[in-house]
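Reading the sequence shown from the start, the letters are residues 1 to 129 in the numbering used here. Beta carbons: idealized from backbone N, C-alpha and C, even for Gly. Keep in mind it's a predicted model, so treat the numbers as computed, not measured.
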Amino acid sequence: MTFGQRLGYFSGGLIIGIFFLIFFLAGKKTSCDYSPTARVLKNIRIKERQFTPQSLEQLNAAKLDTAAISKILNSGSVNFSKSNTKLDSCKLYHIDGVIKNKSVALLVENCNKQAKITHIETTKLPNSN
Numbered sequence: 001m002t003f004g005q006r007l008g009y010f011s012g013g014l015i016i017g018i019f020f021l022i023f024f025l026a027g028k029k030t031s032c033d034y035s036p037t038a039r040v041l042k043n044i045r046i047k048e049r050q051f052t053p054q055s056l057e058q059l060n061a062a063k064l065d066t067a068a069i070s071k072i073l074n075s076g077s078v079n080f081s082k083s084n085t086k087l088d089s090c091k092l093y094h095i096d097g098v099i100k101n102k103s104v105a106l107l108v109e110n111c112n113k114q115a116k117i118t119h120i121e122t123t124k125l126p127n128s129n
């Protein structure tokens, strides 16, 4: 069998395999959350979210709403060096994100059934007007 024939068979099998994947996975809510950041953010997003009174005040002072927090929990990144993941009850995660020309840092207490946003810190980005 020549190299061209082998390449043809391989390409045909690859195309059929991709077609089957697209056909079987179409319409399903599949996701590839393999990185530690993606797993933590997904775990926080699926839980009941609560805000402390202090965090709500900080949110109002920054002129943001809870939808901005949801967006950060979708596209933000977890800073594991500032997080405390060794706690038994509720792990503390430091999440960074950018919204409305502001850098936003969240401190989230991730428990078994709920995620509590305990602190919100915003700083204006230097390039914004």
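Worksheet entry | Which of helix, strand or coil DSSP assigns to residue 116 | In the sequence shown, the residue the question calls residue 116 occupies position 116. DSSP places residue 116 in strand when its eight states are reduced to three.
Item to complete: Assuming residue 92 and residue 84 form a contact by the criterion Cβ under 8 Å, report the distance between their Cβ atoms to the nearest whole angstrom.
Response: The sequence position of residue 92 within the sequence shown is 92, counting from 1. The sequence position of residue 84 within the sequence shown is 84, counting from 1. Right, their Cβ atoms sit about 4 Å apart.
Discussion item. Please state whether the Cβ-Cβ distance between residue 99 and residue 52 is less than 8 Å.
Written reply: Along the sequence shown, one-based indexing puts residue 99 at 99. Along the sequence shown, one-based indexing puts residue 52 at 52. No; because the gap between Cβ atoms is not below 8 Å, this pair is not in contact.
Worksheet item: Rounded to whole angstroms, how far is the Cβ of residue 110 from the Cβ of residue 44, which I believe are closer than 8 Å?
Response: For the purposes of this step, residue 110 is taken as the residue at position 110 of the sequence shown. For the purposes of this step, residue 44 is taken as the residue at position 44 of the sequence shown. So it is a contact: roughly 6 Å between Cβ atoms.
Discussion item. Rounding to the nearest angstrom, what Cα-Cα distance links residue 71 and residue 32 in this structure?
Written reply: If you number the sequence shown from 1, residue 71 lands on position 71. If you number the sequence shown from 1, residue 32 lands on position 32. Roughly 19 Å separates the two Cα atoms.
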